[in-house]
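K.L.:
If you read the sequences in order, they're chains A, B and C. Just so you know, my numbering puts 492 at position 203 of the first sequence, and the rest follows in order with no gaps. Just so you know, my numbering puts 79 at position 62 of the second sequence, and the rest follows in order with no gaps. Just so you know, my numbering puts 372 at position 198 of the third sequence, and the rest follows in order with no gaps.
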Amino acid sequence: MSYARDVGALARKDLLLELRARDTLPAMLLFVAAVFVVFHFALPGTPSRLETSGLLWVAILFTALLGLGRAFVPEREQRTFDGLVLAPCDRSAIWLAKSLATLAFLVAAEVVALPLYALFFHRVGGATVAAVLLADLGICGVGTFLGAMAVATRARDLLLPLLFLPLAMPIVVGAVGASVVDSPGRYLGFLALYDLLFAVVCWASFEYVVAE
Amino acid sequence: MLTARRLGKRYGEKRVLRKIDLDLPRGGFLVVTGPNGSGKTTLLRICAGLSQPTEGTIERGAARAQVGYLGHEPLVYRELTALENLELYGRLYRVPERRERIGMLLERFGLWEVRHQRVVSYSRGMTQRLALCRVLLHDPELLVLDEPYSALDEAGAELLDAQLAELRGEGTFLVSTHDPARVQPLASGSLALVS
Amino acid sequence: MLVTTALALVFFVAPNDASLGFAQRIFYFHVSIAFTAYACFAGGAWNALRHLWKRDPRADLESYVCVHQGLIFGTLVLVTGSIWAKIAWGRWWIWSEDELVLFLVLYLFYCAYFMLRYSVEPGPQRANLSAVYALFGVVLIPVSFAAIRLAKAYFHPEVFTLHGPNFGGWILVTYCVAQAAMLVLAYTLYRLELGAKRLDVRLRRLREALA
Numbered sequence: 290m291s292y293a294r295d296v297g298a299l300a301r302k303d304l305l306l307e308l309r310a311r312d313t314l315p316a317m318l319l320f321v322a323a324v325f326v327v328f329h330f331a332l333p334g335t336p337s338r339l340e341t342s343g344l345l346w347v348a349i350l351f352t353a354l355l356g357l358g359r360a361f362v363p364e365r366e367q368r369t370f371d372g373l374v375l376a377p378c379d380r381s382a383i384w385l386a387k388s389l390a391t392l393a394f395l396v397a398a399e400v401v402a403l404p405l406y407a408l409f410f411h412r413v414g415g416a417t418v419a420a421v422l423l424a425d426l427g428i429c430g431v432g433t434f435l436g437a438m439a440v441a442t443r444a445r446d447l448l449l450p451l452l453f454l455p456l457a458m459p460i461v462v463g464a465v466g467a468s469v470v471d472s473p474g475r476y477l478g479f480l481a482l483y484d485l486l487f488a489v490v491c492w493a494s495f496e497y498v499v500a501e
Numbered sequence: 018m019l020t021a022r023r024l025g026k027r028y029g030e031k032r033v034l035r036k037i038d039l040d041l042p043r044g045g046f047l048v049v050t051g052p053n054g055s056g057k058t059t060l061l062r063i064c065a066g067l068s069q070p071t072e073g074t075i076e077r078g079a080a081r082a083q084v085g086y087l088g089h090e091p092l093v094y095r096e097l098t099a100l101e102n103l104e105l106y107g108r109l110y111r112v113p114e115r116r117e118r119i120g121m122l123l124e125r126f127g128l129w130e131v132r133h134q135r136v137v138s139y140s141r142g143m144t145q146r147l148a149l150c151r152v153l154l155h156d157p158e159l160l161v162l163d164e165p166y167s168a169l170d171e172a173g174a175e176l177l178d179a180q181l182a183e184l185r186g187e188g189t190f191l192v193s194t195h196d197p198a199r200v201q202p203l204a205s206g207s208l209a210l211v212s
Numbered sequence: 175m176l177v178t179t180a181l182a183l184v185f186f187v188a189p190n191d192a193s194l195g196f197a198q199r200i201f202y203f204h205v206s207i208a209f210t211a212y213a214c215f216a217g218g219a220w221n222a223l224r225h226l227w228k229r230d231p232r233a234d235l236e237s238y239v240c241v242h243q244g245l246i247f248g249t250l251v252l253v254t255g256s257i258w259a260k261i262a263w264g265r266w267w268i269w270s271e272d273e274l275v276l277f278l279v280l281y282l283f284y285c286a287y288f289m290l291r292y293s294v295e296p297g298p299q300r301a302n303l304s305a306v307y308a309l310f311g312v313v314l315i316p317v318s319f320a321a322i323r324l325a326k327a328y329f330h331p332e333v334f335t336l337h338g339p340n341f342g343g344w345i346l347v348t349y350c351v352a353q354a355a356m357l358v359l360a361y362t363l364y365r366l367e368l369g370a371k372r373l374d375v376r377l378r379r380l381r382e383a384l385a
């Protein structure tokens, strides 16, 4: 299908750009490690597994925000958004490709972050890993979409966290719930539902974000 | 191919275009002139489909896939090589025989030797030549060129002259320039904007 | 006038709630204001849809004013909710009250709407971005509500909750009047602001045409 090919071409471009620039992924890795250290000093007493689970998600969310803020930088700084908008491909392909590329970076960062978390704090269970993957889908989908919106504004980097955090709240609930509760099925299902619902909304409305 | 009536564009408080009428028949070559700030770029962006007018109407007889636009920015990724940039656009525009066409264009514009170097290492003239490759890659029917000569060195300008002359019979052109004399032999009409 | 009637009813006619007494009356306002705020946000999304779908040139402004009203009423929801919590439990904020938390999230969301709007030049792009964001808002409302309820399962169960009185007789009537009053108030403010904004736009266009 030509749509898939468009997404593939665009995603390849995004991955290539990051591999060349080599700034976002290392920054995310350093950031997440630093945040864990801050958590250690910020929590008096010995935190329980319950408490540190929540912190894991705070770390993931803000590390993701770091990466998301950089997502459309090449398009913004070099005005190449025009080039993509002129192309005959479906505009939603731009969003999907960028989301997939951001997802790749986020997962790469988590491959380091989760073992680090297990080392510093507590072991990570299977449900948490599942929650991480599902939450990542939502974070990247919605976050990339909002990143494209923020790029069009004056405030840019200031605006993305403001737009993103209220929408990320259900993700946090689903993810933390799945991490701490005995039967995580409900929470994982909720995350999947969130991902699906917002993916559809993003996919359908990206056209209006980029085209004037 | 292109018809605009009472076209107007406003950015917030600022009025950039006011009541422009434009007629570009298929196969025509329209030259747009005017001082800086008269709205040439805005007009060309609207004609290419990048921008919507705030007043008036515009009818475009070409689909997105058939329009080639050259703006002030070259619209290429600096961290990618020339080849990678053209591969991307080639895929997005579904250019048939992509590799051959890319090779042909790079050679024609003298960029074949540097095709594996990142665009960030190019001179301004070379980047503009790459932008021209990008514009011509998908063989567009409607070519909208915003001051194409401005970033070119003399060699590049001559290449462009030759290219335009060669394509003159096949396409429709909307070109803005500070040097109308250069394209005068090809022109079928002109439009002068006032600020 | 309707508002005065509502005020009168609430303060004089409705019977005193058994446990909380006179102060309970704020409930009438709190719930009716909350409902009105939801209606405003829904109206904002509806207008946003009209803007994106039908390309109605007036829809953007109407959407914006709806959201603005929603935010004003949302502020009142949070304030009245907080007062109610103080009266009922002696604390200014209660996390276990679902609706209040939902409004907090929505409040942050729609405040960001304004930051978004003021960060873009007026024009078709600003209208598009605002409209899309307003649509995200309405999708967020049920999703957030579900999330808040799900979250209760892993929080310490708090005993604090705010109860409304059992509906019956005068209480129902008072509530309906208050609700109607709030909706009418919202609508009036909406028309006022819409009119003022439209006048603004027209003045600006005139000034420009003369320039």
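Note that beta-carbon positions come from the ideal geometry of N, C-alpha and C, so glycine has one too.
The alpha helix (DSSP H) with C/F277 in it runs from where to where?
P.N.:
Looking at the DSSP string, the run of the alpha helix (DSSP H) that includes C/F277 is D272 to Y292.
K.L.:
Compile a chain-ordered list of the residues in the region 159-171 of chain B whose CB is closer than 7 Å to at least one CB of chain C.
P.N.:
Against chain C - using a Cβ distance shorter than 7 Å - the region 159-171 of chain B contributes no residues.
K.L.:
Once DSSP output is grouped into helix, strand and coil, what is the label at A/D484?
P.N.:
It is helical.
K.L.:
Which residue marks the beginning of the alpha helix (DSSP H) containing C/A305, and which one marks its end?
P.N.:
P298 to K326 is the extent of the alpha helix (DSSP H) around C/A305.
K.L.:
Confirm, please, whether the CB-CB distance from A/L299 to A/I428 is below 9 Å.
P.N.:
No, Cβ-Cβ distance for A/I428 and A/L299 is not below 9 Å.
K.L.:
Chain A beta carbons: is any one of them nearer than 9 Å to that of C/N190?
P.N.:
Its pLDDT being 42, under 50, C/N190 is placed unreliably in this model, and the value from its coordinates should be taken loosely. No - not a single Cβ of chain A is within 9 Å of the one on C/N190.
K.L.:
Is C/E367 close to chain B? Criterion is C-beta to C-beta, closer than 9 Å.
P.N.:
For C/E367, the answer is no, since every Cβ of chain B falls outside 9 Å of its Cβ.
K.L.:
Apply the 10 Å Cβ neighbour rule to C/S304 and answer buried if 16 or more other Cβ atoms are within range, or exposed otherwise.
P.N.:
Classification for C/S304: buried.
K.L.:
If A/A464 sits next to A/L480, beta carbons under 8 Å apart, how far is it from one beta carbon to the other, in whole angstroms?
P.N.:
A/A464 to A/L480, Cβ: 7 Å. Contact.
K.L.:
Quick check: C/L235 and C/L368, are their CB atoms within less than 9 Å of each other?
P.N.:
The answer is yes: Cβ separation under 9 Å.
K.L.:
Leaving out five residues on either side along the sequence, give the residues of the same chain with a beta carbon under 6 Å from the beta carbon of A/A439.
P.N.:
So the list reads R445, L448 and L449, once near-sequence residues are dropped.
K.L.:
Does the count of Cβ pairs from the region 308-323 of chain C and the region 274-290 of chain C closer than 8 Å reach three?
P.N.:
Flag = yes, the region 308-323 of chain C and the region 274-290 of chain C touch.
K.L.:
One question on the structure: do A/C378 and A/Y292 come within less than 9 Å of each other, judged by their Cβ atoms?
P.N.:
A contact, by the Cβ cut-off of 9 Å.
K.L.:
Are the beta-carbon atoms of C/T249 and C/H204 separated by less than 9 Å?
P.N.:
The answer is no: Cβ separation not under 9 Å.
K.L.:
Between A/F394 and A/G356, how many whole angstroms is the CB-CB distance? I'm expecting something under 8 Å.
P.N.:
5 Å between Cβ atoms; contact.
K.L.:
Would you mind listing the alpha helix (DSSP H) stretches within the region 404-453 of chain A that are 4+ residues and don't spill past its ends, in chain order?
P.N.:
Fully enclosed alpha helix (DSSP H) runs of 4 or longer: 415-440.
K.L.:
List, in chain order, every chain B residue whose beta-carbon is nearer than 8 Å to that of A/R365.
P.N.:
Here the premise fails: no neighbours, minimum Cβ distance about 12 Å.
K.L.:
Express the C-alpha separation of B/A82 and B/Y110 in angstroms, rounding to a whole number.
P.N.:
Rounded to the nearest angstrom, the two C-alpha atoms are 6 Å apart.
K.L.:
Would a check of beta-carbon distances place B/T59 closer than 9 Å to chain C?
P.N.:
No, its Cβ sits nowhere closer than 9 Å to a Cβ of chain C.
K.L.:
Does the distance from the C-beta atom of A/L385 to that of A/V296 stay below 9 Å?
P.N.:
Going by C-beta atoms, A/L385 is nearer than 9 Å to A/V296.
K.L.:
Thinking just about the alpha-carbon of each residue, which of A/L306, A/R412 and A/G334 is nearest to the one in A/V362?
P.N.:
Measuring from the Cα of A/V362, the nearest candidate turns out to be A/L306.
K.L.:
Looking only at C-alpha atoms, which of A/I460, A/A407 and A/L403 sits nearest to A/D425?
P.N.:
When each option's Cα is compared against that of A/D425, the closest is A/I460.
K.L.:
Below 8 Å on the Cβ atoms is my contact criterion, and I expect B/V7 with B/R151 to pass it. Report the Cβ-Cβ distance as a whole number of Å.
P.N.:
Residue 7 of chain B is absent from the structure shown; chain B starts at 18 and stops at 212.
K.L.:
Please tell me whether C/L223 and C/L252 are closer than 9 Å, where the distance is taken between their beta carbons.
P.N.:
No, they are not a contact pair.
K.L.:
Use the C-beta contact count for A/V321: other C-beta atoms within 10 angstroms, 16 or more gives buried, fewer gives exposed.
P.N.:
The residue in question, A/V321, is buried, as its Cβ has 16 or more Cβ neighbours within 10 Å.
K.L.:
Express the C-alpha separation of B/A79 and A/R301 in angstroms, rounding to a whole number.
P.N.:
Roughly 29 Å between the two C-alpha positions.
K.L.:
Starting from the beta carbon of B/Y86, find every residue of chain A whose beta carbon is closer than 8 Å, and list them in chain order.
P.N.:
Those are D371 and L375, listed as they occur along chain A.
K.L.:
Which residues of the region 280-313 of chain C have a Cβ closer than 8 Å to any Cβ of chain B? Give them in chain order.
P.N.:
Listed by position, the residues of the region 280-313 of chain C near chain B (Cβ gap below 8 Å) are E295, P296, G297 and P298.
K.L.:
Using only the heavy atoms of the ligand MN, determine whether one of them is closer than 8 Å to the beta carbon of C/I322.
P.N.:
Looking at this structure, you won't find the ligand MN or any other ligand, since it has none at all.
K.L.:
Less than 6 Å between C-beta atoms, sequence neighbours within five positions excluded: which residues of the same chain meet that for B/G85?
P.N.:
For B/G85, where only same-chain residues beyond five positions count, the Cβ hits under 6 Å are V152, P157 and L160.
K.L.:
To the nearest angstrom, how far is it from the Cα of B/R35 to the Cα of B/E117?
P.N.:
Straight-line Cα distance between these residues: approximately 44 Å.
K.L.:
Given this structure, state the Cα-to-Cα distance separating A/L373 from C/A360, to the nearest angstrom.
P.N.:
Taking the straight line from one Cα to the other gives about 43 Å.
K.L.:
Answer with yes or no whether the minimum CB distance from C/A370 to chain A is below 9 Å.
P.N.:
No - not a single Cβ of chain A is within 9 Å of the one on C/A370.
K.L.:
Give, in chain order, every residue of the region 220-234 of chain C whose Cβ lies closer than 7 Å to some Cβ of chain A.
P.N.:
Within the region 220-234 of chain C, the qualifying residues are L226.
K.L.:
Which residues in the same chain have their Cβ closer than 7 Å to the Cβ of C/I322, if we skip the five residues on either side of it in sequence?
P.N.:
Answer for C/I322: D272, V275 and L276, listed in chain order.
K.L.:
Please classify B/K31: is it buried, with 16 or more other beta-carbons within 10 angstroms of its beta-carbon, or exposed?
P.N.:
Exposed, because fewer than 16 other Cβ atoms sit within 10 Å of the Cβ of B/K31.
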